[in-house]
Structure formats: C-alpha cells, structure tokens
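Read through the structure below, which is laid out as structure tokens, and then see the notes.
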Amino acid sequence: MPYKEKEIEKQYYTIGEVAGMFDVAPSLIRFWETEFEQIKPKKNKKGNRQYTSKDIETLRTIYHLVKERGYTIQGAREVMKNKPVQAKDKMEMVESLEKVKAFLLGIKDQLNTKA
1 MPYKEKEIEK
11 QYYTIGEVAG
21 MFDVAPSLIR
31 FWETEFEQIK
41 PKKNKKGNRQ
51 YTSKDIETLR
61 TIYHLVKERG
71 YTIQGAREVM
81 KNKPVQAKDK
91 MEMVESLEKV
101 KAFLLGIKDQ
111 LNTKA
C-alpha cells in the first residue's frame, strides 16, 4: 500500500489571510465579527485574531448571504440565528451547481471547437 502524504492544514488563520480568502478588507471581517455572534475568533497574547476552520465556514456562509445573495446585515443575522444549517446547505448546493455548470460549459466549448 503506497504511502499517502497527509495535507497539512493550519489550525489558525490571521485576519489578513481570511480577508484574502474572500477578497474583502480586514475591516469588513472585523465588522461582521461585531454583527454576528457566531464569529468568535481566539485572540493571542498580542490581541491578534486567530480564526479556525469553523470560523471560516461561518464567514463563508455570511459572505454568501450578504455579498452573493444580497441580504442586508439584519436579514443575514436572522438567517444565521434561526436557520444556519439550511443556509449552509443552500450555499453548498449553489456552489456545487456552479461547478457542474462550469464543467458542462467546458464540454460544450470542446464540442464546438471540434465541430
């Protein structure tokens, strides 16, 4: 059985890294932290925020609601408070469908270039 190297995943991410993942300013991440009680990053001795993978998943859901779906902060807050699992499932479904769409468009382009 071949040796399969395990991917190393960081336990904590800085606010700059998290902001880069979503292509937003770090100030927006700090703002969301004050607006949504679900985001509670650890802080080190210096006071720097340290986000876990769970925090990033929560931020991904908030980003989807606010930036992609056009929810207001209040509306997104209510969804995250009342139906967080459903919101996450819908977001994952949309992402999955977008991947399928991109794959099918790629096949369509390949067929058009060969014809």
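Residue numbers (the UniProt record's numbering): 1 to 115.
Every residue gets a Cβ at the ideal spot worked out from N, C-alpha and C, and that includes glycine.
If you count every other CB in all the chains shown that lies within 10 Å of the CB of residue i, and 16 or more means buried, which is it?
i                : result
threonine 72     : exposed
leucine 65       : buried
isoleucine 39    : buried
alanine 76       : buried
threonine 58     : buried
phenylalanine 36 : buried
valine 18        : buried
aspartate 109    : exposed
So, helix, strand or coil for residue i, using DSSP?
i           : result
arginine 77 : helix
tyrosine 51 : strand
tyrosine 63 : helix
residue 133 : This structure cannot speak to residue 133, because the chain is shown only from 1 to 115.
lysine 42   : strand
valine 100  : helix
Taking residue i as the reference, give the member of the options with the closest Cα.
i             : options                        : result
lysine 83     : Glu68, Met93 and Thr61         : Thr61
isoleucine 15 : Glu68, Pro41 and Thr34         : Pro41
glutamate 68  : Val94, Arg30, Leu104 and Asn44 : Val94
aspartate 23  : Phe31, Tyr63 and Lys54         : Tyr63
ask   = Between the segment 44 to 52 and the segment 85 to 98, do three or more beta carbon pairs fall short of 8 angstroms?
value = no
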